[in-house]
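Data first, discussion second: the structure below is written as C-alpha cells.
Residue numbers (our numbering), protein chains in the order written: chain W, 1 to 288; chain L, 1001 to 1161.
This is the structure in C-alpha cells:
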C-alpha cells in the first residue's frame, strides 16, 4: 500500500512551515508522527498534494515548566512523555495515558500535538487534556491564539484548528499536589483504540469531593465531558452508591458507533465501568 | 510525477544514497533499492512490527516512515548485528532459547529488543513484555522470545571473559 503522489516539504522553522501552509492551502497536510496520516494516505482517505513534515522543527519539541504550567512542544513524542521525569513528578496522569497509547514503536513517532489535532474520537489525549484543563497554542502567519481544550473538539475529526494554523504547544496547569487521577482504558489488544476509556482528576477534602473532572474517549463523535456525573459527585462523600450514580450519568451522554469493538449498548456499559474504575483509582491516589 | 529526492543516510555504518519519490516507504527502499531484505513486510499497516528498524535511536516501523524523512539518519537493520562472523548476543539468545519458529518476525523482534536493552539493560519480564508489545509473533512463541531477550540482557551485562 503506497500513498498517492505528493510533494514533500521539510521546513526547519515554524515561520517556514506557516509559509508553506499558506502557499499550498487546501492541498497541504501537516505531517507529525505520521501514524494516523500515513495509514489514511495509504487507504486514500487522505490525498494531500503537499506534505509538510514538522519533524525537523526543533522548537516544537520539549517539555518544560514555566509560570505554574507545563509547556509541551506539540511534536513531543508519546515515549518522550512517558520518560519525562518532570511529567512523572508533576503530571503522572499524562504518563499513565501515554503508556496506554498504541505500541512502543508507534510511541517513538506518535506525537501529543498530532494526537490532539487529528480530532479522532478514538485518540486518548483529548480526554486527558479536558480533565487537566489544558490549552493549546495555535500559530498562524497572522499571529497566535491560545484556546482551551474545553470546546476545542467539536466533532468527529473536527477541531477549532483552522486551515493555515499549526498547533505548536500544549499548556497544562500543574495539578495541585495531592490531586487524584486515573486513565482507565479498555482495549481489545495492544495497538487498538479504546473500546471505551475514562479520564479523571479528583481533589478531595477529607471524605468530600472538592473538585472532579471526568472525560470519556471513543463513545461519541468526539471526546465527551461528563458534566452531570461531575456535578453529582461534587461537594459530597464518595462511596459505592455515588460512584455508581456518576457512572450512570456518564453513560447517559454516550452515543458510540457500533463497530468490531462492540455494539452501542456494550460500549456504553464499558464507558460506565471505566468511569467507575477511574473514580475509584483516583480516589485511592488523592490526598485527603 | 512528483519530484524525486536524493536521500542519504547511514545504514549499518555505511553511507548510502537512494533516489525516491516522496511517497516511497522506507521498507521498500530498504528491500528493493538497498537489498536489505531482513526487515520484512508483514501487515504494511504499522501493526505487526516485522519491518522494525532502528532509526536515530528509535525503534520504528519502516512501513509507516517515508524514505524522504530519513535524510542524514543513522539506521540499523538486522543485517548490521553480526560483527566479523560473531553473532550479536540477541541473535545468540534467539538461537539458544529457541526464540523463533518460522522466523518471519525475528528481524523485527531482535531490532526492537536491541533498542529496549540500550534503554533498559536489565528489564524485568513485565518490562520486556510491555516494551516488546509492538511486535507480533504468529507462531505464538512469546515465552521463548522473552527468554531470548533475558539471555541477551544477561550476556551483555556480564563482564567479558
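All C-beta atoms in this analysis are idealised placements derived from N, C-alpha and C, irrespective of residue type, glycine included.
Residue 173 (chain W) has W:69 as its beta-bridge partners, per DSSP. By the criterion of a C-beta distance shorter than 7 angstroms, residue 1044 (chain L) is surrounded in its chain by 1063, once the five residues flanking it on both sides are discounted. Residue 1121 (chain L) is outside the set of residues whose beta carbon lies under 8 angstroms from a beta carbon in chain W. Secondary structure of residue 264 (chain W) (DSSP, three-state): helix. Note: residue 155 (chain W) is bridge-paired with W:158 in the DSSP secondary-structure output. Judged by DSSP secondary structure, residue 113 (chain W) falls within the alpha helix (DSSP H) whose first and last residues are 112-118. Under the 10 Å beta carbon count, residue 1109 (chain L) is surrounded by 16 or more other beta carbons and is classified as buried. The Cβ atoms of residue 230 (chain W) and residue 212 (chain W) sit closer than 8 angstroms to each other. Buried is the label assigned to residue 182 (chain W), since at least 16 other Cβ atoms lie within 10 Å of its Cβ. For residue 53 (chain W), the chain L residues whose Cβ falls inside 7 angstroms of its Cβ are 1069, in order along the chain. According to the DSSP secondary-structure assignment, residue 204 (chain W) is paired through a beta bridge with W:209. Of the residues assessed, residue 59 (chain W) falls on the exposed side of the cut-off, its CB having fewer than 16 other CB atoms within 10 angstroms. The Cβ atoms of residue 278 (chain W) and residue 254 (chain W) lie no closer than 8 angstroms to each other.
Only residues of its own chain outside the window of five on either side were considered, and among them 190 and 191 have a CB closer than 7 angstroms to the CB of residue 103 (chain W), listed in chain order. Counting every other CB atom within 10 Å of its CB across the protein chains shown gives residue 238 (chain W) a total of 16 or more, marking it as buried. The Cβ of residue 1046 (chain L) sits closer than 8 angstroms to at least one Cβ of chain W.
For residue 54 (chain W), the secondary structure class from DSSP, reduced to helix, strand or coil, is helix. Collapsing the DSSP output to three states places residue 256 (chain W) in coil. Identification of residues in the segment 163-192 of chain W having a C-beta nearer than 8 angstroms to some C-beta of chain L yields 190 and 191, given in sequence order. Partner residues in the beta bridge of residue 182 (chain W), as assigned by DSSP, are W:200. Counting only residues of its own chain and dropping the five nearest sequence neighbours on each side, residue 198 (chain W) has a CB closer than 6 angstroms to the CB of 184, 216, 274, 275 and 278. Taking C-alpha positions only, residue 113 (chain W) is separated from residue 235 (chain W) by approximately 34 angstroms. The three-state secondary structure of residue 125 (chain W), taken from DSSP, is helix. Straight-line spacing of the CA atoms in residue 1058 (chain L) and residue 1088 (chain L) works out to 19 angstroms. In chain W, no part has a C-beta under 8 angstroms from the C-beta of residue 1010 (chain L); the shortest such distance is about 18 angstroms. Within the segment 1068-1103 of chain L, the complete beta strand (DSSP E) segments at least 3 residues long are 1074-1076, listed from N- to C-terminus. Of the other Cβ atoms in all chains shown, fewer than 16 fall within 10 Å of the Cβ of residue 43 (chain W); this residue is therefore exposed.
With fewer than three CB-CB distances shorter than 8 angstroms, the segment 1065-1078 of chain L does not count as touching the segment 1124-1142 of chain L.
For residue 1016 (chain L), the beta-bridge partners assigned by DSSP are L:1009.
In the structure shown, residue 24 (chain W) adopts helical secondary structure according to DSSP, grouped into three states.
Contacts between residue 6 (chain W) and chain L, judged by CB atoms closer than 7 angstroms, involve 1002, 1022 and 1023 in chain order. DSSP places residue 139 (chain W) in the strand class (E or B) of the three-state scheme.
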